[in-house]
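Reviewing the structure listed below.
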Amino acid sequence: MSEPPGAAVSLAEAPPPTDTPSRPLAAQRVLPLRRPGRWIATAVVLVLAAQFVHGLVTNPFYQWDRFGYWFLRPTILDGLLVTLEVTAYSAVLGLLGGILLALARLSRSPVLRAVSWIYVWAFRSIPLIVVLLFLYNFSALYRTLSVGVPFGPAFFSFDESKLATDIVIAVVGISLHESAYAAEVVRGGILSVDQGQHEAAAALGLPKGYQFKRIVFPQALRSIIPNYVNQLIGLIKGTSLVFYVSLLDLFGAAQSMGSTYPGDIVPLLMVATVWYLILTSVVSVVQFYVERYYARGATRSLPPTPLQRLRTAITDLRARVRREAAV
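Below, the structure written as structure tokens:
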């Protein structure tokens, strides 16, 4: 005879009794996945880093007392100012030249495209030191430069040897070389902008110049900035070649003092190395904040600053310590 609905379940079908009540899910402790390989790699890296720092500090060959003596000497600081001056002028002129070359490369004029392509091809093929040495001896080829009608009268002329000072040669040579690389960086950034942005701007009837300045170029900067900062860091280090055209920059000052004081060659090289590290670090910090500024509207949330990351790490560490203490 079948049991009516709602009848009690038999003892054989009942679940076995338990003495320990189940803990709430929120109260249960989540154990992290163990990663022994990560810990081993971290330990190896820390040991190697400690050995490197120990050797760097304790090795008498580096002569850290002489390093401290030379670090802020007027000769070194004068060379540092020359490096900053050449870098600043070359970075601005190189970027402007790169923008013009990129626009010419994207132009509908076959002449502009051909000239831009040949320029980029030539200066990316010729080493920078060759360009600087060629400009340094340019007065031997052309004593005077003139502007006028080809194969006709000249409107005005000037003596090239009087105009081409050492710093002018350095800035012009590096700017010409830098423009070729900056042109490809800018062109790649412009091409990275979605075609729909161009079509939307054209549909609004905006002038071409306004479209580029207000819509295309600001979006292209998100791609241009990281690549051009790499070029800028290379430019800072590339200024060391102006020593070969009789301009005493940071490296030239260290090299000159090393020739005068042969026993201080290593500390002088370390001085130049540390100053280059400082300059590139400052550029990297500026790059982070510029990228963060242009990331507005492209990401859901802006990337945290180093200070914000430090605060988050401290907060997470405190929360972890409290959980461990509670358990």
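Numbering (our numbering), first residue to last: 1107 to 1433.
Beta carbons: idealized from backbone N, C-alpha and C, even for Gly.
Do residue j and residue i come within 8 Å of each other at the CB atom, strictly closer than that value?
i	j	result
I1275	L1341	no
A1307	I1330	no
L1354	L1186	no
V1292	A1197	no
A1326	V1226	no
F1229	L1282	yes
L1201	V1348	no
L1234	G1344	yes
L1199	V1277	yes
F1244	A1270	yes
V1388	A1360	no
Identify, in the order they occur along the chain, each residue of the same chain with its Cβ nearer than 6 Å to the Cβ of residue i, setting aside the five sequence neighbours on each side.
i	result
Q1337	Y1287
L1385	I1342
T1189	T1345, D1355 and L1356
A1156	none
L1117	Reliability of the predicted coordinates at L1117 is poor, the pLDDT of 47 falling under 50, and no value is obtained from them.
T1418	none
M1107	Confidence is the limiting factor: at M1107 the pLDDT is only 48, short of 50, which leaves the residue's position unreliable, though a coordinate-based value still follows. So the list is empty, once near-sequence residues are dropped.
G1302	none
For residue i, which residues does DSSP report across the bridge?
i	result
T1189	Looking at the DSSP assignment, T1189 forms no beta bridge with any residue, so it has no partner.
By Cβ distance, which residues of its chain are closer than 7 Å to residue i, with the 5 residues on each side in sequence left out?
i	result
W1223	R1211
T1421	none
R1204	The sequence as given places Gly at residue 1204; Arg does not occur at that position. For G1204, where only same-chain residues beyond five positions count, the Cβ hits under 7 Å are S1285, A1288, A1289, V1291 and V1292.
S1352	D1272
Y1242	I1275 and V1351
L1218	A1210
Relative to the alpha-carbon of residue i, which residue among the options has its alpha-carbon at the smallest distance?
i	options	result
Y1335	S1215, D1272 and V1391	Reading off the sequence, residue 1335 comes out as Val, not Tyr. Among S1215, D1272 and V1391, the Cα nearest to that of V1335 belongs to V1391.
P1324	A1309, Y1350 and V1299	V1299
F1173	R1428, G1369, D1184 and L1218	G1369
G1294	R1415, R1328 and R1141	R1328
T1379	V1153, V1150 and W1176	W1176
L1183	A1147, M1363, Q1303 and H1160	M1363
Y1395	W1381, L1383 and L1413	L1413
I1339	S1213, K1314, A1309 and Y1382	Y1382
T1366	I1146, T1181, P1142 and L1154	T1181
L1206	G1161, R1144, I1146 and F1318	F1318
What does a CB cutoff of less than 8 Å around residue i pick up in its chain, not counting 5 residues either side in sequence?
i	result
Q1393	I1331, P1332 and V1335
Y1400	P1324, L1327, R1328 and I1331
V1427	none
Y1195	V1277 and S1281
G1161	none
V1192	I1273, A1276, V1277, I1280, T1345, V1348, L1353 and D1355
I1146	none
So does the stretch 1161-1179 actually touch the stretch 1356-1374, counting three or more Cβ pairs closer than 8 Å?
yes
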